[in-house]
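Here the sequence shown is numbered in UniProt numbering, starting from 1 and rising by one per residue.
Note that CB positions come from ideal geometry on N, CA and C, so glycine has one too.
Just so we're clear, the structure is a prediction, and the values are computed from it rather than from any experiment.
Right, one structure below, let's go through it.
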Amino acid sequence: MKIALNSVSSLNNPESLIQTSTENSLFGDYDERSWFGESGVPNLARDPIAQFLAVLQKPQTMGNLEALIRFLFHFFLFF
């Protein structure tokens, strides 16, 4: 019962909810300047999302993707 009371009292104290560490393990290596530079314009050579979209825009990529989808559809439909 004492543990429950301590957790309730910590919820009433907003300062106890603030984390002291500002580093997020998921985005810890994110550096906005390396992607956007000083001008704020995205650097396509370093932006992984832009690189992925550029690969998807290539006709051979879409053809291979279509062939893969057809193969998987055929494979799961008949097996």
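Local Cβ density within 10 Å of residue 77, reported as buried at 16 or more and exposed below that = Here the question's residue 77 lines up with position 77 in the sequence shown. A residue is called buried when at least 16 other Cβ atoms come within 10 angstroms of its Cβ; residue 77 does not meet this threshold and is exposed.
To which residues of the same chain is residue 53 closer than 8 Å at the C-beta, ignoring the five residues directly before and after it?
-> What you label residue 53 is simply residue 53 of the sequence shown in a count that begins at 1. Cβ neighbours of residue 53 within its own chain (closer than 8 Å, five residues either side excluded): none.
So the alpha helix (DSSP H) residue 77 belongs to, where does it begin and stop?
-> For this step, residue 77 is matched to residue 77 along the sequence shown. Looking at the DSSP string, the run of the alpha helix (DSSP H) that includes residue 77 is 59-78.
Three-state secondary structure (DSSP) at residue 55?
-> Taking the first residue of the sequence shown as 1, we reach residue 55 at position 55. For residue 55, the secondary structure class from DSSP, reduced to helix, strand or coil, is helix.
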